[in-house]
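Here's the structure we're looking at; comments come further down.
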Amino acid sequence: MWMNVHIDTEVNMLKTIQITLPQELLSEIDQTVAELDTNRSAFARQAFEDALFRARIEHMERQDAEGYARQPQNADEIALWESIQEWGEP
33 MWMNVHIDTE VNMLKTIQIT LPQELLSEID QTVAELDTNR SAFARQAFED
83 ALFRARIEHM ERQDAEGYAR QPQNADEIAL WESIQEWGEP
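Each residue of the sequence shown is one higher than the one before, counting from 33 in the numbering used here.
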C-alpha cells in the first residue's frame, strides 16, 4: 500500500539564532517558561509573533491616522453615520 505524503519544508524549517539578554530578564523568562510548561524557544517564538502582530496593528493605525490627517472627515459625513448607527439596548 502506497501513500502520498506531503511535507511542507517551509513550515518545518527552523533557524537557530543567538540573542543577548540581561540576566534578570532571562531569569524571569525561565520562571515563566517553567510555569507555562514550555521551553525558551517556544516562548520566544510566541513573543516574536505577538510583537510582530502588534507592530502590524500599530503600522495600520498610523496609516489610518495619516489618511485622516490628509483628508479629514467633514461634519456632513459624521452626521450621516451618526444618523444611521445603532448601538442597541444597554
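Even glycine gets a Cβ: it sits at the ideal position worked out from N, Cα and C.
Whether residue i touches residue j by CB criterion (9 Å)
| i | j | result |
| --- | --- | --- |
| Ala-76 | Ile-116 | no |
| Arg-72 | Ile-89 | no |
Enclosing alpha helix (DSSP H) for residue i [first to last residue]
| i | result |
| --- | --- |
| Leu-68 | 55-68 |
| Gln-117 | Element bounds for Gln-117: n/a, residue is neither H nor E. |
| Leu-84 | 72-102 |
Same chain, Cβ closer than 7 Å to residue i, five either side skipped, listed in chain order
| i | result |
| --- | --- |
| Val-65 | Asn-71, Arg-72 and Phe-75 |
| Ala-111 | none |
Neighbourhood of residue i by C-beta distance below 8 Å, restricted to the same chain and skipping five residues each side
| i | result |
| --- | --- |
| Met-33 | Confidence at Met-33 is low in this model, with a pLDDT of 44, below 50, so its placement is unreliable and the value that follows should be read with caution. So no residue of the chain qualifies. |
Chain C within 9 Å of residue i, Cβ atoms only
| i | result |
| --- | --- |
| Met-92 | Among the protein chains of the structure shown there is no chain C, as only one such chain exists. |
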